[in-house]
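Residue numbers for the sequence shown follow numbering that gives the first Met the number 0, beginning at 0 and rising by one.
Every residue gets a Cβ at the ideal spot worked out from N, C-alpha and C, and that includes glycine.
Being a predicted model, the structure only gives us computed values, none of them experimental.
Structure first, then comments.
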Amino acid sequence: MTTPPPEDTATPHPSSASPATSDPDMSASTSPDTATDTDTDTDTAGSSAAGPSAPSARKRRRAGWLESVLLVGGGVVAALLANVFVIGSFYIPSESMEPTLEIDDRVIVNKLSGDIGRGEVVVFTGWDGTPTVKRVIGIGGDRVKCCDADGRITVNGRPLHEESYLHPQDFPSQEKFDVTVPKEHLWLMGDHRAASEDARAHLKEPGKGTIPTSAVIGRAVARYWPLDRVATLPVPDAFSHLP
């Protein structure tokens with residue numbers, strides 16, 4: 000077995016002005032509202048001018064200014080909370096998930112995805128503690144094995160037909176393994192098997208390479224950048240026949 004390549008990490012997308020380097024959901028640019036009082040208080044006891052007094056007009060302007068500030072501030076807070084708890088954006092720095100995800104792709108991650116299923120692409124806290132992106136091959140209770148007589152990975156004795164997402168120059172795996180995934184754990188692999196440091200590289204560690212479901216940050220639901228690669232990330236049919 001050759002030394003595995005560097006582990007793929009999915010890096011939280013930094014905020015900046017360019018869509019190629021920023022998460023548009025994470026930036027909010029507003030100009031501070033200003034209200035300059037230009038009225039001079041010339042009202043006298045004998046004034047009979049129609050319309051509201053200057054003090055009343057100033058109060059209304061201040062109230063409008065405060066409302067604008069609250070609306071803008073509330074929008075910024077809502078966007079930040081959504082990014083922290085609901086939707087995230089990550090960019091892909093390595094080739095381990097090719098062809099599904101290429102270097103510098105940006106993905107939208109649903110952090111409220113619920114139960115994680117086979118075939119889904121997830122961002123999780125990886126073996127080295129950094130955000131990492133891989134595909135779920137097995138869930139708790141599954142027996143994941145490499146390989147059958149035809150060189151295919153099997154899940155619960157049934158072969159996976161991975162042609163739709165596996166890198167065209169790769170075998171399903173050149174490393175042998177036979178793992179029963181513990182409850183509330185996942186067996187995760189990259190789509191570019193020859194360039195992915197995934198569960199196979201951690202077989203001798205506690206959990207035999209599996210990752211607890213609590214480490215999952217969210218499910219990658221779509222590529223949104225670059226524009227010519229915009230697409231959703233559905234579960235492949237390869238997993239539809241598994242019990």
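Check                                                                                                        : Outcome
Segment contact, 8 Å Cβ cut-off, at least three pairs: the stretch 86-96 with the stretch 108-125            : yes
Close beta carbons around residue 241, own chain, < 7 Å, minus the five adjacent residues each side          : 117, 154, 155, 157
Identity of the residue in 206, 226, 159 nearest residue 148 by Cα                                           : 159
Paired residues, beta bridge with residue 222 - DSSP                                                         : 106, 230
Pair within 8 Å by beta-carbon distance, residue 138 and residue 180                                         : yes
Test item: CB-CB of residue 202 and residue 176 under 8 Å                                                    : yes
Span of the beta strand (DSSP E), counted from its first residue to its last, around residue 164             : Note, residue 164: premise wrong, no beta strand (DSSP E); not H, not E.
Exposure of residue 88, with buried meaning 16 or more beta-carbon neighbours within 10 Å                    : buried
Nearest-angstrom Cβ-Cβ length linking residue 165 and residue 141, presumed shorter than 8 Å                 : Incorrect: roughly 19 Å between the Cβ atoms, too far for contact.
Boundaries (first-last residue) of the beta strand (DSSP E) holding residue 138                              : 130-138
Beta-carbon gap between residue 130 and residue 216 smaller than 8 Å                                         : yes
Buried versus exposed, by CB contacts within 10 Å (16 or more), residue 205                                  : exposed
Ranges of the beta strand (DSSP E) found wholly within the stretch 170-212, counting only runs of at least 3 : 176-179, 184-188
First through last residue of the beta strand (DSSP E) which encompasses residue 93                          : Run containing residue 93: none; DSSP gives neither H nor E here.
Residue 124 Cβ short of 7 Å to the ligand NAD heavy atom set                                                 : Looking for the ligand NAD in the displayed structure turns up nothing, as the structure carries no ligands at all.
Sub-8 Å separation of residue 229 and residue 178 beta-carbons                                               : no
Cβ neighbour criterion (16 or more within 10 Å) applied to residue 213                                       : exposed
Close beta carbons around residue 33, own chain, < 7 Å, minus the five adjacent residues each side           : Legend: pLDDT at residue 33 = 31, less than 50; position of this residue unreliable, no value from coordinates given.
Whole-angstrom distance between residue 194 and residue 233, CA atom to CA atom                              : 22 Å
Residue closest to residue 224, alpha-carbon to alpha-carbon, out of 105, 237, 162                           : 105
Cβ-based burial, residue 133 [other Cβ within 10 Å; buried from 16]                                          : buried
Where the beta strand (DSSP E) through residue 123 begins and ends                                           : 120-124
For residue 150, the residue or residues it bridges with in DSSP                                             : BP columns for residue 150 are empty, so no partner.
Inter-residue CB distance, residue 115 and residue 135 (contact presumed, cutoff 8 Å)                        : 6 Å
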